[in-house]
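One line per chain: the protein sequences are G and Y, in this order.
Per UniProt numbering, the first sequence starts with residue 1, numbered consecutively.
Per UniProt numbering, the second sequence starts with residue 1, numbered consecutively.
Backbone N, C-alpha and C fix where the C-beta goes; we use that ideal spot for every residue, glycine too.
A quick write-up on the structure given underneath.
Protein chains: 2
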Amino acid sequence: MISVTLLGAGNVGTHLFKAIHKSKQVSLKQWYNRSIESISSYKNKVSITDDISTLEEADVYILTVSDDAIADISSQLPFENRLVVHTAGSVNIHNLDKKHKRGVFYPMQSLSKSAEIDFKDVPICIETIDKADYHLLKSLALSLGCPVKKVNSDQRHVLHLAAVFVNNFTNQMYRIAHEITESEATEFDLLKPLIMETARKVQDMSPYMAQTGPAMRGNLKTIKKHLALLKKEQHKDIYNLITQSIQDTHASTPLSNRKS
Amino acid sequence: MISVTLLGAGNVGTHLFKAIHKSKQVSLKQWYNRSIESISSYKNKVSITDDISTLEEADVYILTVSDDAIADISSQLPFENRLVVHTAGSVNIHNLDKKHKRGVFYPMQSLSKSAEIDFKDVPICIETIDKADYHLLKSLALSLGCPVKKVNSDQRHVLHLAAVFVNNFTNQMYRIAHEITESEATEFDLLKPLIMETARKVQDMSPYMAQTGPAMRGNLKTIKKHLALLKKEQHKDIYNLITQSIQDTHASTPLSNRKS
């Protein structure tokens with residue numbers, strides 16, 4: 001049985017609470033949050049506190065606080081030489097106070113409080129300073145049902161950057177499509193099956209192989225029509241830049257071999 | 001029973017063949033293709049031809065040829081006053097020869113020969129010149145199991161443009177993520193659950209509400225780190241431009257209310 005104390009109650013903290021609460025191999029010692037109100041509804045399920053000095057002994061302390069609060073909170077912890085991890089994709093492991101054994105437990109998933117998620121779809125990227133701590137964190141992740149990947153700092157930072165492209169930037173592509181369909185009284189809903197299929201395709205095929213469309217085919221007539229339809233200069237800039245990027249990616253594929 | 005003759009054997013043509021072949025309410029009269037070899041393996045299932053002068057009478061002729069061939073092929077058809085439709089998102093309905101009754105039967109989906117698709121996930125956008133023809137095309141689409149949407153030319157062009165954003169441009173976001181993870185010896189596979197979840201989220205939530213991440217939170221420290229990690233100038237340009245677009249979209253949301 002691995003004992004865990006959770007700090008923070010944002011999206012990651014709340015999802016981790018639920019996963020730990022469900023797991024039979026992990027016990028949640030305490031849940032700390034700066035504002036006790038936001039976790040008070042859980043007080044019958046776990047010991048809650050807003051007083052950092054009352055934290056008891058646990059195998060792992062998981063900091064799910066905001067990036068900028070990680071250094072501060074880790075030095076305020078009233079003990080040393082215990083395993084303390086943060087969950088951020090782009091924060092250095094050395095931001096954690098060096099009085100602790102340190103690690104990173106980074107969930108590669110988009111977690112919103114409002115959306116349920118199956119933890120088998122939450123790969124955990126684990127980084128530790130001591131090898132021994134890796135094994136404990138791996139057991140913890142597996143106990144929550146998560147796939148596990150050992151990473152170093154460089155790999156984690158690159159994964160976080162890549163996640164911005166496939167999550168935030170992709171979502172902004174959806175947003176722009178929403179804007180332009182709404183402005184012409186058509187329905188964004190019609191695009192939803194295409195959105196799912198585009199994501200599904202790259203589960204078994206490389207994005208390189210999955211590409212189609214006017215940019216890839218070099219269909220200048222359609223590209224010109226599209227640019228004329230776009231009303232915002234910024235949308236035209238995005239259209240031009242990503243079209244160029246697609247053409248550069250596929251520049252070595254003869255046009256005649258490109259799928260329509 | 002609706003009788004259909006199919007022209008062209010690319011991605012759309014091949015998927016339509018399969019859907020029509022499966023449907024009990026639609027009969028496939030003939031399948032024409034310029035090159036008979038590419039459809040010769042289907043000759044036991046349907047009457048195939050590469051001679052346009054041999055086309056027999058059918059209720060609908062569906063042109064799935066390339067955008068640039070639509071006008072030509074439609075004028076070569078050896079009859080008039082029958083219903084002829086094309087399947088292109090961005091080609092004018094008037095590109096079809098005016099000797100025909102004309103329509104557009106545009107599937108809003110990414111169809112690759114190699115990937116199976118359920119036609120319930122292929123919304124058909126229908127445009128016709130005569131109202132009566134709309135009802136026949138609607139019956140045809142419903143017989144294939146497709147959702148149906150009546151559109152005018154402007155709406156269809158906008159939907160095609162929006163489809164480029166959610167399909168081709170999104171796929172290029174995946175491609176860039178693939179490139180940067182590969183270059184650092186990490187695994188693109190780790191991103192696959194996040195790709196699915198990002199697509200799944202906007203099935204019930206607007207892309208505006210679903211947005212998260214450093215651009216949205218105005219986390220300049222992380223944005224700077226990410227830009228330093230990107231090696232290609234073009235990737236930096238894309239990062240900057242889409243980050244700006246996200247910030248403009250959410251400019252009216254106070255930073256403190258933005259989700260992490």
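Beta-bridge partners assigned by DSSP to lysine 101/G: Leu83/G. Residue pairing from DSSP places leucine 63/Y in a beta bridge opposite Leu7/Y, His86/Y. Per DSSP, reduced to three states, the secondary structure at glutamine 203/G is helical.
Pairwise C-beta distances place the segment 177–191 of chain G in contact with the segment 148–168 of chain Y, as three or more of them are shorter than 8 Å.
Here the segment 162–173 of chain Y lies against the segment 198–214 of chain G, with 3 or more beta-carbon pairs under 8 Å apart.
By the Cβ rule, the segment 215–229 of chain G does not count as touching the segment 118–137 of chain Y, because fewer than three pairs are nearer than 8 Å. Distance from the CA atom of aspartate 133/Y to the CA atom of alanine 199/Y, rounded to whole angstroms, is 35 Å. Note that the segment 26–39 of chain Y touches the segment 48–57 of chain Y; at least 3 beta-carbon pairs, one per stretch, sit closer than 8 Å.
Taking isoleucine 242/Y as reference, the option from His21/Y, Ser252/Y, Leu227/Y with the minimal CA-CA separation is Leu227/Y. Using a Cβ distance threshold of 8 Å, alanine 177/Y and phenylalanine 165/G count as a contacting pair. In this structure, valine 4/Y sits near alanine 58/Y, with a CB-CB distance shorter than 8 Å.
Within 8 Å of the CB of leucine 229/G, the CB atoms of chain Y belong to His157, Val158, Leu161, in sequence order along the chain.
Residues of chain G with a Cβ closer than 9 Å to the Cβ of aspartate 50/Y do not exist; the shortest Cβ-Cβ separation is about 19 Å.
Distance from the Cα of lysine 224/G is smallest, within the candidate group Gln234/G, Gly145/G, Asn240/G, His94/G, for Asn240/G. Residues of chain Y whose Cβ lies closer than 7 Å to the Cβ of valine 166/G are, in chain order, Met173, Tyr174, Ala177, Leu191, Leu194, Ile195, Thr198. Put simply, the backbone Cα of glutamine 76/G is about 38 Å away from that of methionine 196/Y. Assigned with DSSP and collapsed to three states, glutamine 30/Y falls in strand. Any Cβ of chain Y closer than 8 Å to the Cβ of glutamate 184/G would place that residue at the interface, and such an atom is present. Legend: CB atoms of the segment 86–98 of chain Y lying less than 7 Å from CB atoms of chain G belong to residues Ser90.
Apart from the 5 residues on each side of it in sequence, glutamate 80/Y sits with its Cβ closer than 6 Å to the Cβ of Lys99 in its chain, given in chain order. In this structure, histidine 15/Y places its C-beta atom within 8 Å of the C-beta atom of isoleucine 117/Y. Among the residues of chain Y, none has a CB under 7 Å from the CB of glycine 218/G; the nearest is roughly 12 Å distant.
Taking a Cβ-Cβ threshold of 9 Å, none of the residues of chain Y is close to threonine 128/G; the smallest such distance is about 17 Å. In terms of beta-carbon proximity, leucine 241/G lines the interface with chain Y, with at least one pair separated by less than 8 Å.
In chain order, Pro193 make up the part of chain Y whose C-beta sits under 8 Å from the C-beta of valine 122/G.
Here glycine 8/G has Thr64, Val65 as same chain residues with Cβ atoms under 6 Å from its own Cβ, once five neighbours each way along the sequence are excluded. The beta carbon of glycine 145/G does not come within 8 Å of any beta carbon belonging to chain Y, so the residue lies off that interface. Residue burial is scored here from C-beta neighbours: methionine 1/G has fewer than 16 other C-beta atoms within 10 angstroms and is therefore classed as exposed.
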